[in-house]
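For the sequence shown, my numbering begins at 1431 and goes up steadily by one.
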Amino acid sequence: MRKPSLSHIHRFGRNDQFLALYIPVFIEQVVATLTTMLGTILVSGVGATAVSSVGLVDSINLFIVYTLNAIATAVTVTIAHKIGAQDSRQAGRLASQSLLFTAEAAIAIGLALALSGRLLLNSLFRGAEKQVLDAASPYLLISALTLPLQAIYATSAGIMRASGNARTPMLATMLANLVYIGVAYLSITQLGLGVMGAGIGLFASRLVSCGTVLVVLLKGHGGVILPRFGFRPDFKVLAPMFHIALPVGQDSALFNGGKLVVQVFLSAMGTVAMAANAIANSLFCILELPGVSMSIVCMTLTGQSYGAGDLNDTKRQMRRFMLLSTAVLTASSALMLPILNPLIGLYAPGAETAILTRRVMLMPMIAAPLLWPSAFVAPYLLRAVGDARYTMRVTLVSMFVVRLFCSWLFGVYLHWGLNGIWVAMMLDWLVRGTFFVPRMLSSAWQRSRPSPVNEELPVVQTGAGKV
């Protein structure tokens, strides 16, 4: 007699896990993005120069923060593997050592950036106006000094999400962003501190978010129990994390380094182009919110299936997340299209800036549902199963051969300006997806797995949906 299938039970369990993770992560991303948007609106009231200066500093910030976030990504994946394998002790050791290493690395990088800030701005953005660079300097200083707070928060949030606790990072983000809006509003509009006021708000926000998640983790309520540790990293414990963090870090550094070079091209196109790009980037963050949330969640659930040894469920998770990402980004674009002009108007831009912003925003609104999941969700799925080196190689080729070259060709050489830079970005998405999706659908990534897995094992329910 044939045994009844339990796949429907596993499927319902996975749906519960997915919603328990996705909803808090989505809320967290919405709050963070809306806060960034409100911050840009506050700064835009000071003028186009202020918006441009914040945009320049943010391009440097993103390069460093996302490179350090490679540790958070690797921690999420490796701890999810350990939890899937029911090895909570090793998960705790890995979490504590990752926090220690992140803090020490971020302190060193932050101090170096603080000491060389103005020199870096002058070297990278020679084409920018002097008043833009003058306004950017103090904002960069505050960003650099608070970098360790941001890095510790990102790693702590990654630890919690890997164990299924997405609620605490969500609450920490909500609290921190309320603080940011309040402090930035007072500093910019009441005290007249301009861009410096935005920096003060950033400091207060990062302090609150870091402090909140650290207190929860150290009290043992973060989903992983942290053992005692000293001030010297144990690289033997960190080895599995570095196996993923190094290629992911190189991937992130190459990708965001390329974006930084594109920002150099942009800085020579004038204040209008820089302001339009800053506003468009702020709006694009809203557009991609559902997809970004999906990429965060997919690492935990796919990583746990992989760590539990269920290769069939891992493949199902991959296909599922790709389809869901396409669906939510289609909905996001459809919802934003009729309100695009009012959203742009919130930033009170000049007429020329508003027209340029709308023109470039229409590109990702059309392309995102088709290209964004294959360009960004697919590589997160590959990283979740340890195939990070492949994603690094594709990013290297696509960024430098496609995005950088085409940004120069279209934006500078052919004089398309900001339009050319965004066209190059769409082409980059297309090329990345052309490599990532076939890799994900094939069995090639399975050859990189560090340990044998049983394709017939049932799903191991680890309590990842617990909040």
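A virtual CB, placed ideally from N, CA and C, is assigned to each residue, including glycine.
These numbers were taken from a predicted model, which means no experiment stands behind them.
Mind checking whether the beta-carbon of residue i lies closer than 7 Å to any heavy atom of the ligand GDP?
{"i": "residue 1791", "result": "Questions concerning the ligand GDP fall outside what the structure shown contains, since it holds no ligand whatsoever."}
Should residue i go down as buried or exposed, given a rule of 16 or more other Cβ atoms within 10 Å for buried?
{"i": "residue 1458", "result": "buried"}
{"i": "residue 1657", "result": "exposed"}
{"i": "residue 1807", "result": "buried"}
{"i": "residue 1434", "result": "Annotation note: pLDDT 35 at residue 1434 (below 50); position unreliable, coordinate value reported separately. Residue 1434 should be labelled exposed."}
{"i": "residue 1529", "result": "buried"}
{"i": "residue 1714", "result": "buried"}
{"i": "residue 1758", "result": "buried"}
{"i": "residue 1892", "result": "Bear in mind that the predicted position of residue 1892 carries a pLDDT of just 32, short of 50, making it unreliable; the figure below should be weighed with that in mind. Buried is the call here."}
{"i": "residue 1764", "result": "exposed"}
{"i": "residue 1431", "result": "Residue placement at residue 1431 is poorly supported in this model, since its pLDDT is 37, which falls under 50; the coordinates are not used for a value here."}
{"i": "residue 1720", "result": "buried"}
{"i": "residue 1785", "result": "exposed"}
{"i": "residue 1817", "result": "buried"}
{"i": "residue 1749", "result": "exposed"}
{"i": "residue 1446", "result": "exposed"}
{"i": "residue 1511", "result": "buried"}
{"i": "residue 1833", "result": "buried"}
{"i": "residue 1901", "result": "Lying outside 1431 to 1897, the shown extent of the chain, residue 1901 is not represented and no answer is given."}
{"i": "residue 1772", "result": "exposed"}
{"i": "residue 1619", "result": "exposed"}
{"i": "residue 1843", "result": "exposed"}
{"i": "residue 1831", "result": "exposed"}
{"i": "residue 1868", "result": "exposed"}
{"i": "residue 1549", "result": "exposed"}
{"i": "residue 1661", "result": "exposed"}
{"i": "residue 1665", "result": "exposed"}
{"i": "residue 1768", "result": "exposed"}
{"i": "residue 1545", "result": "exposed"}
Thinking C-beta only, is residue j closer than 8 Å to residue i?
{"i": "residue 1678", "j": "residue 1592", "result": "no"}
{"i": "residue 1607", "j": "residue 1567", "result": "no"}
{"i": "residue 1471", "j": "residue 1776", "result": "yes"}
{"i": "residue 1728", "j": "residue 1628", "result": "no"}
{"i": "residue 1780", "j": "residue 1631", "result": "no"}
{"i": "residue 1487", "j": "residue 1575", "result": "no"}
{"i": "residue 1663", "j": "residue 1527", "result": "yes"}
{"i": "residue 1667", "j": "residue 1509", "result": "no"}
{"i": "residue 1850", "j": "residue 1835", "result": "no"}
{"i": "residue 1685", "j": "residue 1829", "result": "yes"}
{"i": "residue 1820", "j": "residue 1826", "result": "no"}
{"i": "residue 1723", "j": "residue 1456", "result": "yes"}
{"i": "residue 1809", "j": "residue 1756", "result": "no"}
{"i": "residue 1766", "j": "residue 1717", "result": "yes"}
{"i": "residue 1558", "j": "residue 1697", "result": "yes"}
{"i": "residue 1474", "j": "residue 1625", "result": "no"}
{"i": "residue 1605", "j": "residue 1638", "result": "yes"}
When DSSP labels each residue in this structure, what does residue i get in the three-state scheme?
{"i": "residue 1817", "result": "coil"}
{"i": "residue 1664", "result": "coil"}
{"i": "residue 1740", "result": "strand"}
{"i": "residue 1436", "result": "Low confidence applies here, because residue 1436 scores a pLDDT of 33, under 50, leaving its location unreliable; read the following figure in that light. Here residue 1436 sits in coil by DSSP."}
{"i": "residue 1656", "result": "coil"}
{"i": "residue 1673", "result": "helix"}
{"i": "residue 1776", "result": "coil"}
{"i": "residue 1812", "result": "helix"}
{"i": "residue 1876", "result": "helix"}
{"i": "residue 1515", "result": "coil"}
{"i": "residue 1533", "result": "helix"}
{"i": "residue 1844", "result": "coil"}
{"i": "residue 1498", "result": "helix"}
{"i": "residue 1850", "result": "helix"}
{"i": "residue 1754", "result": "helix"}
{"i": "residue 1621", "result": "coil"}
{"i": "residue 1476", "result": "coil"}
Self-check item: the segment 1548 to 1559 in contact with the segment 1680 to 1700 per 3-pair CB rule at 8 Å
Solution: yes
Self-check item: Cβ contact (3+ pairs, closer than 8 Å) linking the segment 1474 to 1488 and the segment 1701 to 1712
Solution: As far as the Cβ criterion goes, the segment 1474 to 1488 touches the segment 1701 to 1712, which means the pair count is three or higher.
Quiz item: Taking the runs of the alpha helix (DSSP H) that are 4 residues or longer, which of them lie wholly in the segment 1624 to 1650?
Solution: 1625 to 1648
Quiz item: Along the chain, which unbroken stretches of the alpha helix (DSSP H) at least 4 residues long are found entirely within the segment 1545 to 1615?
Solution: 1560 to 1575, 1577 to 1592, 1597 to 1615
Self-check item: the segment 1449 to 1463 touching the segment 1593 to 1603, judged by at least three CB pairs closer than 8 Å
Solution: yes
Quiz item: Three or more C-beta pairs closer than 8 Å, one from the segment 1848 to 1862 and one from the segment 1791 to 1811: is that the case here?
Solution: Flag = yes, the segment 1848 to 1862 and the segment 1791 to 1811 touch.
Quiz item: Would you call the segment 1638 to 1653 and the segment 1487 to 1503 in contact, with 3 or more CB pairs under 8 Å?
Solution: no
Practice problem: Would you be able to state if there are at least three C-beta pairs under 8 Å between the segment 1742 to 1759 and the segment 1513 to 1522? | Solution: no
Quiz item: Just checking, does the segment 1537 to 1544 make contact with the segment 1671 to 1686 on the three C-beta pairs under 8 Å criterion?
Solution: no
Quiz prompt | Three CB pairs or more closer than 8 Å across the segment 1724 to 1734 and the segment 1869 to 1878 | solution = no
Self-check item: At least three beta-carbon pairs within less than 8 Å, the segment 1575 to 1591 to the segment 1499 to 1516
Solution: Yes: the two stretches touch, three or more of their Cβ pairs being nearer than 8 Å.
Exercise. May I have a chain-ordered list of the alpha helix (DSSP H) segments no shorter than 4 residues that lie completely inside the segment 1697 to 1735?
Key: 1701 to 1717
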